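Residue numbers (the working numbering): 12 to 155. Glycine residues also receive a C-beta, built at the ideal position from the N, C-alpha and C atoms. These numbers come from a predicted model, not from an experiment. Note sheet for the following structure.
Structure below.
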């Protein structure tokens, strides 16, 4: 039986989910102008997509009977996982511009949490305010 359509659909499901996951990672930025391309977030998306492909295929093996294709999906996912993990851990492809663009959304998260967290301890509030101001200053520096 030819299952190529169902495998194509599986691949589209993983790719679509990965695109959504990449976008969702930006929901915790403080402000829309802080959303910049981030190679690290892209690599993390690949890691999550690879893991998701393994988990989803494992749960749905009764729907996907071609052992050669299944093995290729598992092997490809493992290879993608390892390669993306290497890239995220080594930052080998991240240069000056990519570093600054990727750090802006990261700093934006610190602004959001420092400003909006329900902090009651005055020492913690002082630290949060210092973080808030430092992150705003650093974002301004990185946007040049």
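In terms of residue numbering, what span does the alpha helix (DSSP H) encompassing residue 113 cover? 107-127
Through-space distance from residue 106 to residue 71, alpha-carbon basis: 40 Å
Helix, strand or coil: how does DSSP classify residue 18 here? helix
What is the residue span of the alpha helix (DSSP H) that residue 141 lies within? 133-153
For residue 104, three-class secondary structure by DSSP: coil
Taking only the alpha-carbon atoms, compute the straight-line gap between residue 60 and residue 28 and give it to the nearest angstrom. 8 Å
Can you give me the C-alpha to C-alpha distance between residue 26 and residue 58, rounded to a whole angstrom? 12 Å
Assess contact between the stretch 61-68 and the stretch 120-139, defined as three or more Cβ pairs (one per stretch) separated by less than 8 Å. Is contact present? no
With C-beta atoms as the reference, is residue 56 less than 8 Å away from residue 119? no
Pop quiz: residue 104 and residue 98 are said to be a contact at Cβ under 8 Å. What is the actual Cβ separation, rounded to whole angstroms? 6 Å
Cut-off 8 Å between Cβ atoms - residues of its own chain near residue 125, not counting five sequence neighbours on either side: 139, 140, 142, 143 and 146
Leaving aside the five residues before and after residue 42 along the sequence, list all residues of the same chain whose C-beta is less than 6 Å from its C-beta, in chain order. none
Please say whether residue 152 and residue 115 have beta carbons closer to each other than 8 Å? no
Applying the criterion that 16 or more other CB atoms from any shown protein chain within 10 Å of the CB defines a buried residue, is residue 51 buried or exposed? buried
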